Amino acid sequence: MTLVDLDDFDAVGQAAYALAKRLFPICRSITGNGVRQTLAIVREWLPELNVHEVPTGTAAFDWEVPKEWNIRNAYVMDAAGNRIIDWKEHNLHVMGYSVRVDREMTLEELQEHLYSLPDQPDAIPYVTSYYAKRWGFCLTDNRRKQLRPGMYRVFIDSTLEPGSLTYADLLLPGESQEEVLLSTYLCHPSMANNELSGPVVTTMLVRWLLTLAKRRYSYRVVFVPETIGSIVYLSRHLDEMKRNTVAGFNISCVGDNRAYSLLHSRLGATLADRVAQCVLRHHCPDFVEYSFLARGSDERQYCSPGVDLPVVSVMRSKYGTYPEYHTSLDDLTLISPEGLSGAYDVLRQCLAALEGNYRYKVQCLCEPQLGRRGLYPTLSTRTSDTSVSTMMDFIAYCDGNHDVVEIAEKLGVPPHKLLAIAATIGNMTDNGGPTPVLLPVRQ
């Protein structure tokens with residue numbers, strides 16, 4: 000692990016990109032050794048991470064853990080002995096969960112097992128068949144058009160047998176048992192934005208949380224295979240998560256340099272919705288908002304009826320909306336240190352806003368006398384109050400009924416500006432007495 004100044008956003012971006020580059024070659028799926036290899040590297044950054052194995056056949060609500068899939072080699076060879084498709088060149092070349100095959104066949108027979116994208120002729124598509132036994136190869140459409148009639152040797156050295164599903168989690172304790180959920184997934188092979196940006200940014204966020212002298216909330220962090228992993232996790236922890244979770248963020252597709260995106264929770268207007276919306280509105284006002292109807296990642300499980308956790312997805316380009324999605328074009332050139340550090344910044348602002356999102360109440364009647372505390376100009380002119388207008392507006396709504404994010408939205412300012420004001424005023428007492436001018440209302 001490289002030591003990184005978590006307040007140096009450029010350094011964080013570089014470290015996150017280096018971690019993504021290291022993880023990129025690993026062939027991952029919803030089960031198997033690729034997930035274990037990936038988590039072993041993440042644990043170099045987060046030794047506190049607990050890795051769990053859930054046996055094949057374990058029930059998880061309406062689902063059960065599938066057989067474990069691993070692959071060692073795969074190729075298609077023409078009659079001249081040329082490997083025209085080679086899994087070792089790119090692990091997207093094999094359909095995920097392909098069963099073992101070793102046979103010769105005609106091109107006509109082979110075509111039934113080939114997948115390409117005519118509208119993206121230079122891209123290898125990402126294709127899986129988790130719950131039906133199949134085998135297949137993926138290739139660029141341009142390469143597919145070059146195939147000539149004849150006999151082909153098809154070889155996939157894979158296993159699909161009882162094993163386990165692997166996931167990891169950690170719980171960072173805070174002053175309260177109330178929790179913030181950070182969830183990301185590890186189940187795709189070599190794709191950078193859709194797969195690796197989420198785990199590497201989450202890793203950096205957890206490193207930052209570990210540096211905090213104190214945490215108001217506890218933090219539950221999970222690295223799971225998408226869909227089946229979150230379902231398995233919820234089946235094991237639902238009661239405590241329903242009891243304790245105050246906000247949650249599904250972290251995916253956060254590595255490119257394009258627009259930011261927010262996908263709202265199913266019911267909307269949760270604390271997570273409000274915080275993410277407020278932060279994004281001031282950090283990047285051109286961000287794109289999506290309703291829960293545009294869902295497609297693990298927010299589907301966390302927000303499902305009966306689970307109803309307050310979880311949103313914060314992204315750069317939303318999954319399914321950018322042309323490189325689920326193809327070999329989603330490579331390390333699509334993400335950047337700047338894109339990763341930007342997402343780290345936004346999500347860190349969301350967590351900081353949550354940490355400071357108290358309802359404050361002014362402890363004196365009428366406006367506090369800020370001038371003698373050095374917070375208000377002592378010379379009155381037509382413009383003298385402009386410099387402190389945000390402070391006075393904030394105080395005007397500190398009646399114990401409005402939290403910081405709500406007031407920030409009302410005033411049209413970013414939450415961090417009000418948090419700084421609250422910290423300043425909160426350290427000042429009234430008339431030299433023991434009671435601060437501003438106190439958080441305990442809920």
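So for the sequence shown, numbering that gives the first Met the number 0 puts the first residue at 0; every next one is plus one.
Built from N, CA and C at the ideal position, the CB exists for glycine as well.
It should be emphasised that the depicted structure is a prediction, and the values quoted were computed from it without experimental measurement.
- For residue 389 against residue 420, the beta-carbon gap comes to about 7 Å, under 8 Å, which counts as contact.
- DSSP places residue 308 outside both helix and strand once states are collapsed to three, so it counts as coil.
- Contact between the segment 25 to 37 and the segment 137 to 150 is not established, with fewer than three Cβ pairs separated by less than 8 Å.
- Distance check between residue 87 and each of 320, 175, 74, 414 places 74 closest, using alpha-carbon atoms only.
- As a beta-bridge residue in DSSP terms, residue 358 pairs with 402, 440.
- By the beta-carbon neighbour count (other beta carbons within 10 angstroms, threshold 16), residue 440 is exposed.
- Considering only 129, 136, 117, 280, the residue with the shortest C-alpha distance to residue 106 is 136.
- For residue 140 against residue 161, the beta-carbon gap comes to about 37 Å, at or over 8 Å, which does not count as contact.
- DSSP, read as helix, strand or coil, puts residue 140 in helix.
- Distances from the alpha-carbon of residue 16 to those of 173, 76, 330, 155 put 330 closest.
- By the CB criterion at 8 Å, residue 180 and residue 47 fall outside the cutoff.
- Taking 8 Å as the cut-off, the beta carbon of residue 34 is found closer than this to the beta carbon of residue 224.
- A buried status is given to residue 192, since no fewer than 16 other beta-carbon atoms sit within 10 Å of its beta-carbon.
- Cβ atoms of residue 362 and residue 436 come within 8 Å of each other, at about 6 Å.
- Restricted to the segment 8 to 88, the alpha helix (DSSP H) segments that are unbroken, complete and at least 4 residues in length are 8 to 22, 32 to 44, listed in chain order.
- Here residue 264 is not near residue 316, since their CB atoms are 8 Å or more apart.
- With fewer than 16 other CB atoms across the displayed protein chains lying within 10 angstroms of its CB, residue 368 is exposed.
- In the displayed model, residue 104 falls within a strand according to three-state DSSP.
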